[in-house]
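Those sequence lines, one after another, are chains X and R. Using our numbering, you'd call the opening residue of the first sequence number 2 and step up by one each time. Using our numbering, you'd call the opening residue of the second sequence number 159 and step up by one each time. Glycine residues also receive a C-beta, built at the ideal position from the N, C-alpha and C atoms. One structure is given here, and the rest of the page talks about it.
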Amino acid sequence: MGEIHARFRLDRPGFTLDVNLILPGRGVTALFGHSGSGKTTLLRCMAGLEHARSGFLSVNGEVWQDQTRWRPTHQRSLGYVFQDVGLFPHLSVLENLHYGMKRVATSRQTNLNQAIELLGITHLLNRRPQRLSGGERQRVGIARALAVNPRILLMDEPLAALDIRRKQEILPYLERLHRELDLPLLYVSHSPDEVARLADHLVAMESGRVLVNGPLIETLARLDLPIRLGEDAGAVLDVTLGVVDTTWHLARLDFAGGSLWTRNPGLAVGSRVRVRVLARDVSLACEHPGPSSIQNVLPGRVDAMADDEHPGLTLVRVQVGDSRLVARLTKRAAQELAISPGQTVWAQVKSVALLE
Amino acid sequence: MLLSSDDLAALWLTVRLAFLVTLILLLIGTPIAWWLARTGSRWKGSVSAVVALPLVLPPSVLGFYLLLAMGPSGWVGQLSQALGIGLLPFSFWGLVVASVLYSLPFMVQPLQTAFEAIGDWPLEVAATLRASPLDAFFTVAVPMARPGFLTACVMTFAHTIGEFGVVLMIGGNLPGVTRVVSVQIYDHVEAMEYAEAHRLAAVMLIFSFLVLLTLHTVRPTSEKG
Chain X
2 MGEIHARFRL DRPGFTLDVN LILPGRGVTA LFGHSGSGKT TLLRCMAGLE
52 HARSGFLSVN GEVWQDQTRW RPTHQRSLGY VFQDVGLFPH LSVLENLHYG
102 MKRVATSRQT NLNQAIELLG ITHLLNRRPQ RLSGGERQRV GIARALAVNP
152 RILLMDEPLA ALDIRRKQEI LPYLERLHRE LDLPLLYVSH SPDEVARLAD
202 HLVAMESGRV LVNGPLIETL ARLDLPIRLG EDAGAVLDVT LGVVDTTWHL
252 ARLDFAGGSL WTRNPGLAVG SRVRVRVLAR DVSLACEHPG PSSIQNVLPG
302 RVDAMADDEH PGLTLVRVQV GDSRLVARLT KRAAQELAIS PGQTVWAQVK
352 SVALLE
Chain R
159 MLLSSDDLAA LWLTVRLAFL VTLILLLIGT PIAWWLARTG SRWKGSVSAV
209 VALPLVLPPS VLGFYLLLAM GPSGWVGQLS QALGIGLLPF SFWGLVVASV
259 LYSLPFMVQP LQTAFEAIGD WPLEVAATLR ASPLDAFFTV AVPMARPGFL
309 TACVMTFAHT IGEFGVVLMI GGNLPGVTRV VSVQIYDHVE AMEYAEAHRL
359 AAVMLIFSFL VLLTLHTVRP TSEKG
C-alpha cells in the first residue's frame, strides 16, 4: 500500500503554512488543531484549491504537484467534502450525485449505488437540496464525493456546522466509510471526540506547522507532547466486546494485553469499539491492591514519565501487554511509591468511556 | 388596423434591433461581467467605469463620437470600408453597433451582480467533481445566475427599444432601415399627427409595463431556485 507525501509552503498575510508530511495511504488521518492552525489550508493545498508555489504532493505513487508540475483540482482524483456541504441548488439530489460521476471515466454505477446505500440516502434522491436537513445534506455531500471513485477522500470539518443530534446521526456513517472503504481519508477537525473516535493517524497542527504526526493511539500516549484531545490527557484503546454479563449488566472489553469490565453498552458480542481511558481515572499501586471497589486492575510496567501541566502532577505511562495507559499522579505519590521507568505496577482503572 | 404600415415597419425594425442587440450583448457582456465579478486586477475599476459610461453620458455625445469613428475618416469607418462592408452610419448595422455600446451596462451590471452573488464555492465544488473551469461556468455558474440573465436580457431589450438620441445621431430617420418606434413617434408629433402618436405611444407604454411586470413577478421565485 502506498503513502501520501505532502510538502507545502504557502505565505499569506499574517500566516505561513509550512508542512512536510508522510501519511499512511489508507485509513483515517485526522488533521487536528484550533481554528487558524492551518489544517483547512493544508487540505485545500492538497486539493489544489490553494496554489502553494513551493510544494510536492504524491498520493499513493501518483504525483499531483512538484517543482515543475501542478495539476489543477479538476484533474486530481479526489473526493472533497466541504464544511458547508455545497450541494448545487439548481440540481436535485440525484443530479448532484451524477454531476461528478459522469465526468469520471473510471466511475461506475456501482460506485454510486454503493455510496447511496452506504449513506442511507435512497429516499432522498428526488428531492431538492433546499428540502433536506443539515444532516441529510452532509450525507449527500459525502456520497457525491464518493461517487467519483476517488483515490483519496478529503473532508473539511464535515460535522462542524451540525448540532449534536445531527452529529450523532452522521458519525455512524463515517465509521462505516472507515470500515468498508479501502481509500485514505483525511479528516480535518477541531473536535477531540471526533478525532478520538474516527482517526487511525493523527496530525496535530499549530500556527501553520505540524506539531506531531503519528498513529493515533501511540501519539495520544506520548507524554512529551502537548496534545490534549479535550479537557484531559488519556489513552485510546481499540477493544472488542468479549463477554456480556447479563446478571450484573456488565460487559468485558478485550484489548491487546488485557480486558476491562464496564457497564454493558448494549452492543453485540464481537463488536469492535474504541474507548478512551482518561489519565485522571487511572491510579497506580506497587502491589495488587486486594479487594477494592475498583475492579479493573491490570498488571503493567512503567514505560515513561513526564511533567503534567500543573507542577504538582506527573503523567505516568504504563505498558499493559501491547497497549498503553496513562495515569495521572501527584508528584508526591510518585515519589512515595518510588515509581520509575521499568517498574512493575498495577493500574487501577476507574472508568472507561466508549467513544460513540 | 389601428397602426399604419409605417408604424408597423418601425415596430418590426425596433423589435429586430432589440433582439439582435440583446443577443450580441449576451455574447459580449457575459465574459466582461464574469471577468469583472471574479478579477482582482487593478484594471477592474477602469473597465467598470468604461462599461458604465453610457449610463451617464448624454446619448448625443456617444452618438457624436460614434459618428466620427464610423465615418469615412474614422478608424471604424476605414476598417469597415477595408472589409468591404461600407460605411456604418445611417445603416441598420450601424444602429446595432451603436445600440450594443449604448446598452452595454444594462447587460453587464445585472450579470456581474449575479455572478458576484454566487461566490467561489460552487466553482470549487465543481472543480472537486472534475469539472474544468469552462465546464463549471456553463453547468454551475450560468444556471445559478439564471435570474441575473433574465434581468439583464429584459433590461437590455427594453432599453434598446426605448433609445432615441443615439439612434437619431447614428441612424438618422430612414424608413424601414433606421426609423425605430421612438423616432416614428417623434415624426408623428412633429407632423401634428397626435392620434397616431397616441396609438404608438400606448403600445410602447403597455409593452414597457408588461416587461417590468414580468420581471418583478418572475424574479423572486426563480431566485429561490
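Anticipated Cβ contact below 8 Å, residue i with residue j, distance rounded
| i | j | result |
| --- | --- | --- |
| residue 315/R | residue 188/R | That belief does not hold up - the Cβ atoms of residue 315/R and residue 188/R are roughly 15 Å apart, past 8 Å. |
| residue 327/X | residue 236/X | 5 Å |
| residue 192/R | residue 87/X | Contact flag wrong, Cβ pair sits at about 20 Å. |
| residue 317/X | residue 295/X | Actually they do not touch by this definition, with Cβ atoms about 17 Å apart. |
| residue 298/X | residue 290/X | 6 Å |
| residue 12/X | residue 210/X | The pair is not a contact, with the Cβ atoms about 13 Å apart (cut-off 8 Å). |
| residue 234/R | residue 240/R | In fact, because the Cβ distance is near 11 Å, the residues do not count as touching under 8 Å. |
| residue 266/R | residue 190/R | 5 Å |
| residue 153/R | residue 220/R | Any question about residue 153/R goes unanswered here, given that chain R covers just 159 to 383. |
| residue 163/X | residue 153/X | 23 Å between Cβ atoms; not a contact. |
| residue 105/X | residue 288/R | 6 Å |
| residue 357/R | residue 160/R | 5 Å |
| residue 91/X | residue 301/R | 4 Å |
| residue 206/X | residue 39/X | 5 Å |
Chain-order list of residues whose beta-carbon lies under 8 Å from that of residue i (same chain, five-residue window excluded)
| i | result |
| --- | --- |
| residue 203/X | 30, 31, 33, 196, 213, 214, 215, 216, 217, 220, 221 and 228 |
| residue 73/X | 49 |
| residue 371/R | none |
| residue 306/R | 268, 269, 271, 272, 273 and 275 |
Straight-line gap, residue i to residue j (C-alpha atoms, nearest Å)
| i | j | result |
| --- | --- | --- |
| residue 303/X | residue 332/X | 15 Å |
| residue 201/X | residue 239/X | 10 Å |
| residue 199/X | residue 209/R | 54 Å |
| residue 286/R | residue 312/R | 34 Å |
| residue 83/X | residue 259/X | 40 Å |
| residue 162/R | residue 270/R | 41 Å |
| residue 252/X | residue 28/X | 28 Å |
| residue 349/X | residue 165/X | 32 Å |
| residue 43/X | residue 192/X | 17 Å |
| residue 172/R | residue 252/R | 14 Å |
| residue 254/R | residue 69/X | 48 Å |
| residue 79/X | residue 212/R | 47 Å |
| residue 168/X | residue 109/X | 30 Å |
| residue 4/X | residue 322/X | 29 Å |
| residue 277/X | residue 293/R | 47 Å |
| residue 349/R | residue 343/R | 10 Å |
| residue 134/X | residue 144/X | 15 Å |
| residue 56/X | residue 305/X | 37 Å |
| residue 347/X | residue 319/X | 9 Å |
Other residues of its chain near residue i: CB distance less than 6 Å, five sequence neighbours each side excluded
| i | result |
| --- | --- |
| residue 256/R | 224, 324 and 328 |
| residue 330/R | 248 and 336 |
| residue 89/X | 97 |
| residue 182/R | 258 |
| residue 176/R | 315, 318 and 319 |
| residue 340/R | 322 |
| residue 335/X | 315 |
Own chain partners of residue i with C-beta closer than 7 Å, once the 5 adjacent residues on each side are dropped
| i | result |
| --- | --- |
| residue 113/X | 98, 102 and 148 |
| residue 177/X | 119 |
| residue 255/X | 240, 241 and 243 |
| residue 280/X | 233, 234, 235, 316, 327, 328 and 329 |
| residue 21/X | 8 |
Cβ-based burial, residue i [other Cβ within 10 Å; buried from 16]
| i | result |
| --- | --- |
| residue 155/R | Since the first residue of chain R shown is 159 and the last is 383, residue 155/R is not available in this structure. |
| residue 100/X | buried |
| residue 53/X | buried |
| residue 364/X | The structure shown does not extend to residue 364/X, since chain X spans only 2 to 357, so no value can be given for it. |
| residue 324/X | buried |
| residue 337/X | exposed |
| residue 346/R | buried |
| residue 131/R | Nothing about residue 131/R can be read from this structure; chain R reaches only from 159 to 383. |
| residue 81/X | buried |
| residue 282/X | buried |
| residue 362/X | Here chain X covers residues 2 to 357 and nothing more, so residue 362/X does not appear. |
| residue 137/X | buried |
| residue 287/X | exposed |
- [ ] Note down, in chain order, all residues in the segment 278 to 304 of chain R with a beta-carbon under 7 Å from any beta-carbon belonging to chain X.
- [x] 279, 280, 282, 283, 285, 286, 287, 288, 289, 290, 298, 301 and 302
Open item on the list: Closer than 7 Å between beta carbons: that is the criterion. Which residues of the segment 95 to 114 of chain X meet it against chain R?
Closed with: Residues of the segment 95 to 114 of chain X with a C-beta atom less than 7 Å from some C-beta of chain R are 100, 101, 104 and 105, listed in chain order.
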